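Numbering (our numbering), first residue to last: 7 to 228.
Since the structure comes first, as structure tokens, the remarks are kept for the end.
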Amino acid sequence: MQDTREARPLRADARRNRAQILEAARDVFVEQGPGAPLEEISRRAGTGIATLYRRFPDRQSLMRAVVIDALERTAEVARAALAEEPDAFSALTRYMHRTLDVRTAAVIPTLLDEVAMDEAEIRQITDQGTGPVLQMIEMAKADGTLRPDVTFGDIGVMIVRFSRPLPGPMSRELNDQLAHRHLDLLIGGLHVRGRQGAVGGPAMTLDDLRAMQPESDPTRPD
């Protein structure tokens, strides 16, 4: 059951604390997995553990809030890119880079088995971000700038691949810089003027990605 305290308007300081907790939780879950200590999350957020529990009474509610926050940020990024960029390929490029920054494609795979992704609210937010990206892809194909064999699934999986931290003693800053560099190299291959050689492997559609999501556990509380 969703905590009713989250439905009430929050004061500015409470909103700030909540945002800091969600950002810290996102990073800690990516680095340490869904079982990461909540004390570490509150430490990074700069809040006490009591503040964390006041906003999120248990680990499940925190993980769900992190997923929703990431999806909402991604949807906002997609809408802004589509509205503000001069052409569809530029919008798609901006979307991919900004999605790396908000780490949506890093945290959601980490929490995929912990949060019911087919829940109505989460599905609705997901669709809000999916629509603009599909529009960018189709517009870029129509204006001749995006390779005709690129699919929504290609874009999503590419971002996931670049979002996970690299192994070894590498700083977060360097890891992020490399992710953006490698994404730029890949984007060059997406453009229609790029290399047009055969692409191996299956072309994954949006339906294919949805079919791969695990079914919700009927015993999990809403």
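We put the CB at the ideal spot given by N, CA and C, even for glycine.
Note that the coordinates shown come from a computational prediction; the quantities given were computed from them, not determined experimentally.
Buried/exposed call for residue i, threshold 16 Cβ in 10 Å
i, result
"R61", "buried"
"S48", "buried"
"T80", "buried"
"G203", "In this predicted model, G203 has a pLDDT of only 48, less than 50, meaning its place in the structure is not dependable enough to derive any value."
"T10", "With a pLDDT of only 38 at T10, under the threshold of 50, the placement of this residue in the model should not be trusted; the figure read from the coordinates follows. Exposed."
"D33", "buried"
"T211", "exposed"
"E90", "exposed"
"V205", "Residue placement at V205 is flagged as unreliable, the pLDDT there being 47, under the threshold of 50; a coordinate-derived value is accordingly withheld."
"M123", "buried"
"G41", "exposed"
"L117", "buried"
Extent of the continuous alpha helix (DSSP H) run through residue i
i, result
"A126", "126-148"
"D232", "With the chain covering 7 to 228 only, the question about residue 232 has no answer from this structure."
"F35", "18-38"
"S177", "Per DSSP, S177 belongs to no alpha helix (DSSP H) and is neither H nor E."
Candidates the options: closest to residue i by CA position
i, options, result
"H103", "V83, A122, E90, P92", "V83"
"D133", "L196, N23, L77", "L77"
"I131", "A31, D75, L68", "D75"
"V156", "S169, V121, E144", "E144"
"P92", "T116, I114, D149", "D149"
"I128", "L180, R50, R70, H188", "R70"
"Q26", "L68, E37, A42, G41", "L68"
"T216", "E125, H197, N181", "Correcting the residue identity first, residue 216 is Arg in this sequence and not Thr. The candidate whose alpha carbon is nearest that of R216 is E125."
"R22", "A51, F168, Q66", "A51"
"E120", "G39, L184, E45, A18", "G39"
For residue i, the residue or residues it bridges with in DSSP
i, result
"L152", "H197"
Checklist entry - In chain order, which alpha helix (DSSP H) runs of at least 4 residues are fully inside the region 72-114? => result If we require 4 residues or more, the alpha helix (DSSP H) runs fully inside the region 72-114 come out as 94-108.
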